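Note that the UniProt record's numbering has the sequence shown beginning at 1, numbered continuously upward.
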Amino acid sequence: MDDDEAEEELQQSNRRDFLRKLSAEPDRLNDLILEDYAKSLSKYYELPTKLILHNIKTEMMAPYADPRRPFEIPTPAKIFEIITGETEETLYEGLIVCVKIYKIEDKALKCQLDSGLYGTITIGYVADHRIESQELRSRFHIDQQIYAKILSIDKIKFSIFCYSELPSEGKQTFQSQRSVYSDYDYDAEARAQTLKQVKPRNVLTHKPHTRVIQHPMFKPFTFAEAQDYLRDKQSGSMVVRPSSKGLDKRKIRSKTARAMLT
C-alpha cells in the first residue's frame, strides 16, 4: 500500500469515527450553522443545498423516523370548522350576522348564512311582544335578508339559533358585525371614489384566424378588397384570397375586359 492509499484510508476512518460520534450524540448537530454552509455550497452547486443539509440533519438525529404525523380523530369543533369554514373568531354567540330567509313556518323562520350554515329564529325571538303567525308571514318573505343575533351554536347539528327584531317598514336597526373590510383604517368613501376613477379595461376584439399560403398571387383580402385591388389592374389579372367557407378553401378572383369573375 502506497502513501496515497494509506492517507485516503485514514481519512475514511476519521469520517466513520466522526459519524459514529454524531450518532451517539445527535444533539451536537444543533450546533452546526447549516445556513452559512449552504450558502458556501450554493456557489459551486446549483442545487437546493439548504434543504438537503436539513434533511441529512433530520435523518441523522432520528434515523428511519416516519415523517408522517399520527392520525388524530378530529373533534366536533374541528369538523365544524373544516366543513363550514367558521372558527371561534368568525362565529360566536352574540355576533350579529346577515342571514337569508329560505322558509317561513307557522312558528319559526328558517334562514341560512353565507357559509351555508342553517339557522332558526322562532316566533318568540322575532319581536319583544307576542305576534301571530299571520303577522310573521306578512312582515317576512322568502329570500329576504335580515340581521340576526346568534344566541347559540350547535356544532354537532351544524345549526345556529338566532334572535331578530321585527322589521318596521322594511328596515332594521341591527347592523352586521361581520364586514369584508374589517381593517380599522378602512375608508369606504375613499374606496368608492377610487372605483369611480378606475377606467374600464380595453376589450379585445376577436379577429378570425386567416390561413396564409405560399403563392405569389395570394392576398389576405376580403371580397370588397379584392375588387378594389383589381379595379386598376389589366385584364387577365388575378388574385388568390381566403374563402369565407372555411380555412381549407380558397377563391380566385380574376379581371376580364367586361367584368370580374370568381
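Ideal Cβ placement from N, Cα and C applies to all residues, glycine included.
If you're wondering where the values come from, they're calculated on a predicted model, not measured in any experiment.
So the candidates are the options; which of them puts its Cα closest to the Cα of residue i?
{"i": "Ile123", "options": "Glu105, Leu34, Arg16, Gln112", "result": "Glu105"}
{"i": "Arg241", "options": "Ile96, Tyr229, Phe221, Tyr37", "result": "Phe221"}
{"i": "Gly94", "options": "Leu117, Tyr147, Pro76", "result": "Tyr147"}
{"i": "Lys39", "options": "Asn30, Ile52, Asp27, Arg28", "result": "Ile52"}
{"i": "Gly116", "options": "Glu86, Phe140, Lys107, Gln144", "result": "Glu86"}
{"i": "Glu121", "options": "Ile160, Ile142, Glu132", "result": "Here the sequence assigns Ile to residue 121, which means Glu is not the residue at that position. That would be Ile160, whose Cα lies nearest to the Cα of Ile121."}
{"i": "Pro216", "options": "Ala224, Asp17, Glu225, Ser237", "result": "Ser237"}
{"i": "Thr90", "options": "Ile150, Gln134, Gln227", "result": "Ile150"}
{"i": "Glu165", "options": "Ile142, Ile153, Leu136", "result": "Leu136"}
{"i": "Thr84", "options": "Cys162, Ile153, Phe223, Pro67", "result": "Ile153"}
{"i": "Lys50", "options": "Ile33, Ala65, Tyr64", "result": "Ile33"}
{"i": "Pro76", "options": "Cys162, Phe158, Asn55, Ile142", "result": "Phe158"}
{"i": "Ile142", "options": "Cys162, Ala224, Tyr37, Ala108", "result": "Ala108"}
{"i": "Leu29", "options": "Val239, Asn55, Leu230, Gly119", "result": "Asn55"}
{"i": "Tyr64", "options": "Ser23, Lys155, Lys219", "result": "Ser23"}
{"i": "Tyr163", "options": "Tyr45, Ile156, Glu132, Gly119", "result": "Gly119"}
{"i": "Tyr92", "options": "Arg231, Tyr45, Lys155", "result": "Lys155"}
According to DSSP, is residue i helix, strand or coil?
{"i": "His209", "result": "With a pLDDT of only 47 at His209, under 50, the local geometry of the prediction cannot be trusted, and no value is derived from it."}
{"i": "residue 288", "result": "Outside the modelled stretch of the chain, which goes from 1 to 262, sits residue 288, for which no answer is possible."}
{"i": "Phe158", "result": "coil"}
{"i": "Gln227", "result": "helix"}
{"i": "Ile153", "result": "strand"}
{"i": "Tyr37", "result": "helix"}
{"i": "Glu169", "result": "Note that Glu169 has pLDDT 48, beneath the 50 cutoff, so the model's placement of it is unreliable and the number below is only indicative. In this structure, Glu169 counts as coil in the three-state DSSP scheme."}
{"i": "Phe80", "result": "helix"}
{"i": "Ala24", "result": "helix"}
{"i": "Tyr163", "result": "strand"}
{"i": "Lys199", "result": "With a pLDDT of only 49 at Lys199, under the threshold of 50, the placement of this residue in the model should not be trusted, and no figure is reported."}
{"i": "Tyr45", "result": "coil"}
{"i": "Pro67", "result": "coil"}
{"i": "Arg16", "result": "helix"}
{"i": "residue 263", "result": "The structure shown does not extend to residue 263, since the chain is modelled only from 1 through 262, so no value can be given for it."}
{"i": "Leu32", "result": "coil"}
For the beta strand (DSSP E) holding residue i, just list the boundary residues, first then last.
{"i": "Thr122", "result": "118–122"}
{"i": "Arg241", "result": "238–242"}
{"i": "Lys57", "result": "Unbroken run through Lys57 is the alpha helix (DSSP H), 49–61; no beta strand (DSSP E)."}
For residue i, which residues does DSSP report across the bridge?
{"i": "Ile146", "result": "Val99"}
{"i": "Lys110", "result": "Lys103, Thr120"}
{"i": "Phe218", "result": "Val240"}
Residue range of the alpha helix (DSSP H) that residue i falls in?
{"i": "Arg137", "result": "133–139"}
So with Cβ pairs under 7 Å, would you call residue i a contact of chain C?
{"i": "Tyr64", "result": "Among the chains of the structure shown, chain C does not appear; only one protein chain is present."}
Report yes or no: do three or more beta-carbon pairs, one from the segment 70–89 and one from the segment 97–104, lie closer than 8 Å?
-> no
Check whether the segment 54–61 touches the segment 107–115, counting contact only when three or more Cβ pairs, one atom from each stretch, lie closer than 8 Å.
-> no
Between the segment 122–142 and the segment 80–99, do at least 3 Cβ pairs fall closer than 8 Å?
-> no
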